[in-house]
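Numbering (our numbering), first residue to last: 35 to 580.
Read the structure below first, then the notes.
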């Protein structure tokens with residue numbers, strides 16, 4: 035059809051000239067039924083739609099259930115979205131079988147009830163378990179769908195969406211010490227949502243993103259059908275690997291490609307404070323991090339600490355690394371490419387890949403790998419985050435200004451992740467994640483607080499000022515952002531309707547030119563915008579489709 039050839043610019047002109055400024059959704063405000071009626075009708079529909087009997091006490095949780103709050107909070111990570119003032123779902127559904135995920139979609143659509151989907155609960159803005167723009171809503175929590183089937187002979191694994199990336203790593207290592215998967219560094223990430231945003235980790239410079247290493251998937255579409263790659267087609271398969279979660283359907287499972295790893299890898303962490311020359315060293319890291327041997331991943335964790343003789347507050351930079359090889363070869367690489375760090379053999383630890391996963395995740399050296407099977411995060415905070423991509427080294431004078439700002443905040447954190455290697459060789463359009471060639475590193479900004487703060491606005495103000503300060507030193511036109519670090523400051527859909535114009539403001543930051551292709555896929559597979567949230571991909575407005 036003709037709308038496949040329309041450009042973003044021409045579409046914006048069309049919309050701006052339209053008297054409707056048309057929104058894509060066909061949904062209209064409606065009178066809200068009572069909670070008890072919503073729950074009764076949904077459960078009645080569900081039990082009639084699912085192929086398998088499921089006890090109500092194990093599948094449905096309403097605010098009247100004693101366990102409702104614990105289920106809601108079980109995997110949710112950002113405590114900002116669990117405070118009493120935040121909207122709560124009318125119902126939490128925990129499918130034990132894919133047919134129950136299908137029934138959830140069928141019934142939510144039939145009863146015109148908004149639906150959110152949660153796999154691991156790590157959404158930075160709580161979009162998988164809170165709806166600030168629409169009620170009533172229900173949550174489909176996939177945490178009980180966590181089967182992992184590893185096939186070493188095929189170099190692959192099928193992984194259900196509720197499994198954590200740590201569980202995936204453990205099950206791979208159970209079968210082989212020379213196979214791995216290039217997924218995330220935080221081991222409690224639910225793999226369902228993790229891969230929908232790209233999924234970066236400590237082997238990305240060698241093998242690319244987790245989403246670059248997906249070879250099949252199974253998804254529940256808007257009509258309640260279960261589709262694999264062949265059935266959904268290449269456009270939808272492209273969109274779900276990095277196009278952001280919960281815009282196209284419910285991911286049931288991924289088929290991932292395993293990658294070869296050496297039996298021995300090496301890890302290290304070297305920390306330098308401002309008083310130990312951190313500024314000059316970080317500038318040097320910027321010039322080499324994306325050019326290092328692709329077996330080497332060195333990220334920088336930047337935070338404040340009390341140190342020195344007077345225990346004064348300062349900034350520390352920790353060089354946290356994984357090398358796919360032994361310590362002897364690592365030291366040769368470092369001496370050739372980054373001798374300024376002064377890495378010594380004593381600071382290097384040779385270990386297995388599965389043990390390196392624990393090390394990078396921050397566990398102590400004597401922690402057994404079985405902790406990865408716990409499947410839930412112990413890291414829960416109130417926090418706000420942002421992200422950037424950097425193409426040119428940030429000058430030392432700008433770093434000095436950065437330190438000054440970090441020292442103003444109670445608990446700031448920055449993580450700089452290096453690019454280069456395989457990340458620079460994969461096309462921007464290979465999957466929706468576009469931040470590839472020319473990127474030196476990615477920045478994650480965080481401010482954290484431990485208790486509910488009546489003056490939380492001070493933390494928001496601080497991180498927004500910091501973000502503004504960094505603007506001259508990061509990517510521009512657009513200023514890129516990572517979709518798995520959701521940031522509603524960039525813009526959000528309002529009320530029930532999804533505006534293409536508003537979505538373009540943040541869509542091009544996350545996806546660059548891939549945003550328009552995502553919109554086209556959305557228009558074809560979910561034209562009435564059933565799967566939606568504050569930053570979901572919009573379908574084209576009706577008047578722009580023909």
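Backbone N, C-alpha and C fix where the C-beta goes; we use that ideal spot for every residue, glycine too.
Residue i versus residue j: straight-line alpha-carbon distance, rounded
i           : j           : result
residue 113 : residue 175 : 18 Å
residue 201 : residue 275 : 20 Å
residue 105 : residue 159 : 18 Å
residue 435 : residue 543 : 25 Å
residue 307 : residue 442 : 17 Å
residue 108 : residue 254 : 24 Å
residue 573 : residue 374 : 51 Å
residue 328 : residue 263 : 31 Å
residue 517 : residue 156 : 12 Å
residue 260 : residue 297 : 38 Å
residue 558 : residue 333 : 40 Å
residue 57  : residue 546 : Only weak support is given to the placement of residue 57: the predicted model assigns it a pLDDT of 39, under 50, and the question is left unresolved by the model.
residue 550 : residue 515 : 16 Å
residue 167 : residue 476 : 30 Å
residue 361 : residue 310 : 25 Å
residue 287 : residue 347 : 46 Å
residue 445 : residue 502 : 19 Å
residue 424 : residue 468 : 14 Å
residue 497 : residue 324 : 26 Å
residue 290 : residue 277 : 17 Å
residue 495 : residue 564 : 34 Å
residue 410 : residue 555 : 33 Å
residue 76  : residue 128 : 14 Å
residue 91  : residue 78  : 14 Å
residue 111 : residue 566 : 21 Å
residue 577 : residue 265 : 29 Å
Rounded Cβ spacing between residue i and residue j (contact assumed at less than 8 Å)
i           : j           : result
residue 349 : residue 483 : Actually they are not in contact, since the Cβ atoms of residue 349 and residue 483 sit about 19 Å apart, beyond 8 Å.
residue 500 : residue 479 : 6 Å
residue 280 : residue 466 : Contact doesn't hold; Cβ gap of about 14 Å is too wide.
residue 197 : residue 225 : 5 Å
residue 9   : residue 182 : Outside the modelled stretch of the chain, which goes from 35 to 580, sits residue 9, for which no answer is possible.
residue 432 : residue 507 : 6 Å
residue 102 : residue 138 : That belief does not hold up - the Cβ atoms of residue 102 and residue 138 are roughly 17 Å apart, past 8 Å.
Cross-strand partners of residue i (DSSP beta bridge)
i           : result
residue 289 : 192 and 250
residue 475 : 424 and 452
residue 567 : DSSP, once it has assigned bridges, lists no residue as partnering residue 567.
residue 155 : Residue 155 is not bridged to any residue.
residue 341 : 346
residue 112 : 415
residue 148 : 171
residue 354 : 303 and 333
Cut-off 8 Å between Cβ atoms - residues of its own chain near residue i, not counting five sequence neighbours on either side
i           : result
residue 427 : 317, 320, 321 and 474
residue 69  : 96, 97, 124 and 170
residue 394 : 219, 236, 301, 354 and 356
residue 248 : 229, 275, 288, 289, 290 and 291
Cβ-heavy atom distance, residue i to the ligand ATP, below 7 Å
i           : result
residue 444 : Only the bare structure without any ligand can be found here, which leaves the ligand ATP out of the picture.
Own chain residues within Cβ distance below 7 Å of residue i, not counting five before or after
i           : result
residue 295 : 212, 213, 214, 358 and 387
residue 381 : 302 and 304
residue 460 : 242, 246 and 470
residue 83  : 137, 140 and 141
residue 504 : 422
residue 337 : 350, 446 and 447
Neighbourhood of residue i by C-beta distance below 6 Å, restricted to the same chain and skipping five residues each side
i           : result
residue 430 : 313 and 317
residue 326 : 371
residue 209 : 184 and 186
residue 32  : Here the chain has residues from 35 to 580 only, and residue 32 is not among them.
residue 72  : 124 and 170
residue 217 : 199, 233, 235 and 244
residue 120 : 164
Residue nearest to residue i in terms of C-alpha spacing, selected from the options
i           : options               : result
residue 569 : 575, 576 and 527      : 527
residue 140 : 552, 191, 172 and 519 : 172
residue 116 : 557, 485, 272 and 523 : 485
residue 408 : 80, 222 and 206       : 222
residue 93  : 131, 425 and 75       : 131
residue 405 : 392, 414, 416 and 413 : 392
residue 452 : 467, 167 and 331      : 331
residue 365 : 416, 347, 450 and 299 : 299
residue 147 : 74, 523, 455 and 340  : 74
residue 352 : 513, 538, 315 and 267 : 315
residue 422 : 512, 383, 577 and 390 : 512
residue 161 : 456, 143, 122 and 449 : 122
residue 385 : 376, 377 and 400      : 400
residue 204 : 128, 363, 368 and 402 : 402
residue 481 : 462, 440, 472 and 456 : 440
residue 581 : 541, 510 and 509      : Residue 581 cannot be examined here, being either before or after the span of the chain that is shown, 35 to 580.
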